[in-house]
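> Protein chains in written order, with the numbering used here: chain A, 245 to 384; chain B, 692 to 1113.
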Amino acid sequence: MADYTKPIPSPDPVSQPFWDGAKEGKLMLPRCDDCNRVHWYPRVICPFCHSMNIEWVEATGRGTIHTFAVQHNKGLVARGWGDEVPYVTAYIDLAEGDRMLTVLKGVDPNDPDSIQIGGAVQIEFEEASDDVHIPFWRPV
Amino acid sequence: MPGEASKAAAIIGAAEANDIGYPQTPKSSLTLHIEAINNVCDMTGIPIAAIDGIFSAGWSPQIAEYLGLHPKYIDTTAVGGCSFEMHVHHALAAIHAGVINVALVTHGEMGFSQRFTQGKGTGRPGGAGDPWDPGTQHTMAYGLGGAPTSYSHALNRHMARYGTTQEDFAEIAVVTREWATLNPRAVMYRKAGEGDLPPLEKGEWGGGKRGHTFGGPITVDTVMNSRPISWPIKLLDVCLVTDHGGAVLITGPELARTSKTPPVWIAGAGESISHWNMLEMGEFTKTSAGRSAAAAYKMAGMGPEDMEMAMIYDSFTVTAGITAEMLGLAPEGEGFRLWKDRHAAPGGRLPINTNGGGLSFNHSGMYGMQLLVEAYRQLSGTAEDDGFSGDPGKQTSARSCVVNGTGGSLSTTGTLVLVSDD
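Shown next, in the form of structure tokens:
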């Protein structure tokens, strides 16, 4: 944990319920109490209907790969990740709606043809610090 | 006598954020914006969705993204405390011109509370890099950095959706390089049939009239065999990084007629945004150029079928391919065919990026100025003899050109329809 060398996000008052959930291994998502749509990233206002009645719900942690890329260039990625190239970044379509960015675990970056757009993935959390557990996704 | 724009617009409401002063719990600057916006819309009965112009001191792209709005006028003039008076002025002009109907002038700033959030977020305008900016907070853990690291996701999605291939997009780099071999001002220019170039002299640079060591024609294989940067993007799918400067002068019809150089008329113009952080892009195979081009064509009373050439921002081959589709120059999923079937090539029916593009001419980081300069040179006739460089460079007899710039992570677009003087 102390040796986590990659960037660690800073929770803010709006996103705190998400990070609290992450510490317990739960994916918490913001959902509009008026139009019932889930959005990501967290907001104080629904980007679909502009209601300010946002609630937090526990999600399934399931999704599919919308698209991905393989990062090969040390100089173009954030400090800490340079040592891990090649690695696979992906956008995940959440089962509940909207989309997250992630790094895919359990895939072979040297064989991108083996990674399926549309393929099913499951969330997991890595303890980067006492307060921040970072979500990653892995094919199921 | 009042000016023509007098009373063309009015302030119809004003409101504040919910917690101002010394709040118990810090809220980010962005949250302060949103509360005030929600309150003024409540007060006036104007729905947030009706806002079509956003004016703020640096925040406008994030405000648009956060609210899921696609404003037609995006102003981030940030010149100190008087910025907001200026925003009102700009909004008046925009409304008078009929560009927008509802202008939002907005501000949020945690001037007091940021002292308690040192080392975390401050909610500064600009967003990128600020830990509390939501786009940053929810993407920074994964290391994406330079532009290729995100654009590659769009290319992969295009291939999955339409069955296109890396080779298809490589064709764009090949044809664009062909244009550069005709342009002695291009970094990747190289005289045909020239063998190995002599070593560089001290202070000499490796491009321009001398020719670049790696300049000259390339093939699809050259692109495919170049090193991977962010798969499926390879080195030769990526623009150059060069120094470049440029400027254009724009005047009204009267002054334009007195100029020694021929006018190129701005027949149409439009702008739009789909997101700021790629996390919020929605459909990865489309950009907001569909909207900005529709506005530009409408203003011009012309369509893509009337365009005799195109200058398309080619930060990457995928940027050019997708944008050609958005501009209506090719069906969705088939933008690459303009290059592969050589319509975009020298001698083709729709020359594209006649200077050699950002891929092989020059790309200084923000390439939009270079697009304008080349469009002017081709449409005005000054490419034949600009009275300065002595270079030829007249590549086409086109008299109309669609110019499209792309910014951010396939986020923002501006489209112009330019036409030669009658």
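Note that the Cβ used here is the ideal one computed from N, Cα and C, for glycine as well. Since the model is a prediction, treat every value here as computed from it, not as a measurement.
Identify the continuous beta strand (DSSP E) that holds B/L1107 and give its terminal residues.
Against the second sequence, residue 1107 of chain B aligns to sequence position 416. 1103-1111 is the extent of the beta strand (DSSP E) around B/L1107.
> Answer with buried or exposed for B/H780, where buried requires no fewer than 16 other C-beta atoms within 10 angstroms of its C-beta.
The residue given as residue 780 of chain B occupies position 89 in the second sequence. Label assigned to B/H780: exposed.
> Terminal residues of the continuous beta strand (DSSP E) containing A/Q366?
Sequence index remark: in the first sequence, residue 366 of chain A carries index 122 (1-based). From DSSP, the beta strand (DSSP E) with A/Q366 extends over 364-371.
> Distance check for A/Y248 and B/T1103, CA to CA, integer angstroms please.
By 1-based counting over the second sequence, the position of residue 1103 of chain B is 412. By 1-based counting over the first sequence, the position of residue 248 of chain A is 4. Whole-angstrom Cα-Cα distance: 35 Å.
> Any Cβ of chain B within less than 7 Å of the Cβ of A/Y248?
In the first sequence, the residue the question calls residue 248 of chain A occupies position 4. A/Y248 does not count as touching chain B.
> Which of the three DSSP states is assigned to B/M1002 in this structure?
Start at 1 with the first residue of the second sequence, and residue 1002 of chain B comes out as number 311. Here B/M1002 sits in strand by DSSP.
> If the cut is a Cβ gap below 7 Å, which residues of chain A does B/I725 touch?
In the second sequence, counting from the first residue as 1, residue 725 of chain B sits at position 34. What B/I725 touches in chain A: V288, I289.
> Could you tell me which of B/S774, B/R1040, B/Y988 sits nearest to B/N1095, measuring between CA atoms?
The residue given as residue 1095 of chain B occupies position 404 in the second sequence. Cα-wise, what sits closest to B/N1095 is B/Y988.
> A/S259 by DSSP, collapsed to three states: which one?
The residue you call residue 259 of chain A lines up with position 15 of the first sequence. Residue state, collapsed to three classes: coil.
> Scan the stretch 969-1002 of chain B and note each continuous alpha helix (DSSP H) run of 4 residues or more that stays entirely inside, going in chain order.
DSSP runs (the alpha helix (DSSP H)) wholly in the stretch 969-1002 of chain B: 980-991.
> Could you tell me whether any Cβ in chain A is nearer than 7 Å to the Cβ of B/P822?
For the purposes of this step, residue 822 of chain B is identified with residue 131 of the second sequence, where counting begins at 1. Closer than 7 Å to some Cβ of chain A, the Cβ of B/P822 qualifies, so yes.
> Strictly below 7 Å CB to CB, what residues from chain A border B/R982?
Start at 1 with the first residue of the second sequence, and residue 982 of chain B comes out as number 291. Here the premise fails: no neighbours, minimum Cβ distance about 18 Å.
> Please name the residue, chosen from A/L338, A/P379, A/G362, A/G324, that lies closest to B/N847 on a Cα-to-Cα basis.
Along the second sequence, one-based indexing puts residue 847 of chain B at 156. If we check each option's Cα against that of B/N847, A/G362 comes out closest.
> Which residue comes first and which comes last in the beta strand (DSSP E) that contains B/S963?
Taking the second sequence and counting its residues from 1, one reaches residue 963 of chain B at position 272. Unbroken beta strand (DSSP E) run through B/S963: 955-964.
> Can you tell me whether DSSP reads A/P379 as helix, strand or coil?
Within the first sequence, residue 379 of chain A is the residue found at index 135, counting from 1. Strand.
> Check whether the Cβ of A/L320 lies closer than 7 Å to any Cβ atom in chain B.
Sequence index remark: in the first sequence, residue 320 of chain A carries index 76 (1-based). Output row for A/L320: interface = yes.
> Going along chain A in order, which residues have a C-beta closer than 9 Å to the C-beta of B/M801?
Taking the second sequence and counting its residues from 1, one reaches residue 801 of chain B at position 110. Within 9 Å Cβ-Cβ: nothing; B/M801 doesn't reach chain A, min ~11 Å.
> Does the beta-carbon distance from B/T735 to B/I703 come in below 7 Å?
What you label residue 735 of chain B is simply residue 44 of the second sequence in a count that begins at 1. What you label residue 703 of chain B is simply residue 12 of the second sequence in a count that begins at 1. Result yes, Cβ atoms of B/T735 and B/I703 sit closer than 7 Å.
> If we ignore side chains and look at the alpha-carbon of each, how far apart do B/T1114 and B/W823 end up?
Beyond the ends of chain B as shown, which are 692 and 1113, falls residue 1114 of chain B; an answer cannot be given.
> Is there at least one Cβ from chain B nearer than 7 Å to A/W325's Cβ?
The count along the first sequence starts at 1 and reaches residue 325 of chain A at position 81. Yes, A/W325 counts as interfacial toward chain B.
> Starting from the C-beta of B/M998, find all residues in its chain whose C-beta is less than 6 Å away, skip the five residues before and the five after it, and write them out in chain order.
Residue mapping note: residue 998 of chain B aligns to position 307 of the second sequence, counting from 1. Same-chain partners within the cutoff: S1091, V1093.
> How do the stretch 1097-1111 of chain B and the stretch 967-985 of chain B stand: do at least 3 beta-carbon pairs fall below 8 Å, yes or no?
These segments touch.
> Which runs of the alpha helix (DSSP H), 4 residues or longer, sit entirely within the stretch 1016-1098 of chain B?
List check, alpha helix (DSSP H) in window: 1028-1031, 1059-1071.
> Excluding the five sequence neighbours on either side, which residues of its own chain have a C-beta within less than 7 Å of the C-beta of A/M352, listed in chain order?
Here residue 352 of chain A refers to the residue found at position 108 when the first sequence is read from its first residue. For the sequence presented, residue 352 of chain A should be read as Asp rather than Met. Counting only Cβ-Cβ distances below 7 Å, and skipping sequence neighbours, we find S358.
> In terms of residue numbering, what span does the beta strand (DSSP E) encompassing A/T333 cover?
As a working note, residue 333 of chain A is residue 89 in the first sequence. Its beta strand (DSSP E) spans residues 331-338.
> If you follow the alpha helix (DSSP H) that B/L926 is part of, which residue opens it and which one closes it?
Position 235 of the second sequence, counted from the start, is the residue given in the question as residue 926 of chain B. Note, B/L926: premise wrong, no alpha helix (DSSP H); not H, not E.
> On the three-state DSSP scale, how would you describe B/S843?
Here residue 843 of chain B corresponds to residue number 152 of the second sequence, with the count starting at 1. In this structure, B/S843 counts as helix in the three-state DSSP scheme.
> In chain B, what lies closer than 8 Å to A/L338 by C-beta?
As a working note, residue 338 of chain A is residue 94 in the first sequence. Simply none; closest approach about 12 Å.
> Below 9 Å between beta carbons is the criterion; list the residues of the stretch 725-746 of chain B that meet it against any residue of chain A, in chain order.
Correct list: I725, E726, I728, N729, C732, P738, I739, A740.
> Hey, how far is the Cα of B/N1046 from the Cα of A/D342?
Locating residue 1046 of chain B in the second sequence gives position 355, where the first residue counts as 1. Locating residue 342 of chain A in the first sequence gives position 98, where the first residue counts as 1. Rounded to whole angstroms, B/N1046 to A/D342 spans 40 Å at the Cα level.
> So if I threshold CB-CB distances at 7 Å, which residues from the stretch 958-976 of chain B count as touching chain A?
Residues passing the 7 Å Cβ filter: L970, F975.
> What is the DSSP secondary structure of A/W325, reduced to helix, strand or coil?
Stepping through the first sequence from its first residue, residue 325 of chain A is reached at position 81. Of the three classes helix, strand and coil, the one that applies to A/W325 here is coil, per DSSP.
> Does the beta-carbon of B/Q715 have 16 or more other beta-carbons within 10 angstroms, so that it is buried, or is it exposed?
If you number the second sequence from 1, residue 715 of chain B lands on position 24. Exposed, since its Cβ has fewer than 16 Cβ neighbours within 10 Å.
> Please report the straight-line C-alpha distance between B/S921 and B/L946, rounded to a whole angstrom.
Numbered from its first residue, the second sequence carries residue 921 of chain B at position 230. Numbered from its first residue, the second sequence carries residue 946 of chain B at position 255. Using only the alpha carbons, I get a separation of about 48 Å.
> Measure from the alpha carbon of B/E695 to the alpha carbon of each residue in B/L1063, B/T722, B/A788, B/L1109, then state which is nearest.
The residue given as residue 695 of chain B occupies position 4 in the second sequence. Residue B/A788 is the option with its Cα nearest to B/E695.
> Is the CB of B/A851 under 7 Å away from at least one CB in chain A?
Numbered from its first residue, the second sequence carries residue 851 of chain B at position 160. For B/A851, the answer is yes, since a Cβ of chain A falls inside 7 Å of its Cβ.
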